[in-house]
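J.:
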Amino acid sequence: MTKKYKLKLKYTPDELKELKVINNGLVSTITILAKYISKNFHFHALHSKYLRISASEEFDFMADIYNAVMDQVEWPEKLYRVHDKVTDQFIRIEHHQTWWSFNPPNYLKTKQQWLEINPAYEPMLEEVEE
Numbered sequence: 001m002t003k004k005y006k007l008k009l010k011y012t013p014d015e016l017k018e019l020k021v022i023n024n025g026l027v028s029t030i031t032i033l034a035k036y037i038s039k040n041f042h043f044h045a046l047h048s049k050y051l052r053i054s055a056s057e058e059f060d061f062m063a064d065i066y067n068a069v070m071d072q073v074e075w076p077e078k079l080y081r082v083h084d085k086v087t088d089q090f091i092r093i094e095h096h097q098t099w100w101s102f103n104p105p106n107y108l109k110t111k112q113q114w115l116e117i118n119p120a121y122e123p124m125l126e127e128v129e130e
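Residues in the sequence shown are numbered consecutively from 1, following the UniProt record's numbering.
#1: Return the CA-CA distance between residue 120 and residue 108, expressed in angstroms with no decimal places.
#2: Can you tell which of 89, 39, 75 and 18 has the C-alpha that lies nearest to the C-alpha of residue 3?
#3: With respect to the alpha helix (DSSP H) encompassing residue 71, which residues constitute its N-terminal and C-terminal limits?
#4: Going by DSSP in three states, residue 110 sits in which element: helix, strand or coil?
#5: Take residue 37 and list the residues in its own chain whose beta-carbon comes closer than 8 Å to its own, dropping the five residues that flank it on each side.
#6: Examine the Cβ distances between the segment 7 to 22 and the segment 56 to 73 and report whether three or more of them are shorter than 8 Å.
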């Protein structure tokens with residue numbers, strides 16, 4: 001079993017879709033960067049990210065591309081929120097939350113985390129697009 005690495009940069013859902021496409025391992029990382037991403041052929045979202053990243057983020061971007069090509073990425077889990085459609089409110093879990101707290105309430109958790117809290121939340125789960 002190969003070691004999996006977390007992505008070093010934050011990616012939009014479109015960028016994540018494109019990263020998942022390039023993990024077929026048939027093309028080298030250099031080819032992906034030089035031919036496809038830098039010239040905006042197939043990976044439009046990644047090309048846009050490539051143009052926006054700072055010089056200090058370039059190495060992290062290349063590392064993420066390499067890990068995707070080598071199928072060594074630990075993909076981020078999808079986040080969900082619980083939406084009570086009867087009251088049209090979102091359920092949140094507050095741990096020692098006070099009105100002056102600097103921590104915002106946590107509406108987002110993985111599906112497994114919500115089901116561990118209460119299995120009855122399953123029909124109310126909504127996937128969150130980041």
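For each residue, glycine too, the CB sits at the ideal point set by N, CA and C.
T.: Taking the coordinates as given:
#1: Their backbone Cα atoms lie some 17 Å apart in a straight line.
#2: When only C-alpha atoms are compared, the closest one is 75.
#3: Premise fails: residue 71 is in no alpha helix (DSSP H) and is neither H nor E.
#4: The three-state reading of DSSP puts residue 110 in strand, counting E and B together.
#5: For residue 37, where only same-chain residues beyond five positions count, the Cβ hits under 8 Å are 43, 46, 47, 50 and 65.
#6: Three or more pairs of CB atoms, one per stretch, sit closer than 8 Å, so the segment 7 to 22 contacts the segment 56 to 73.
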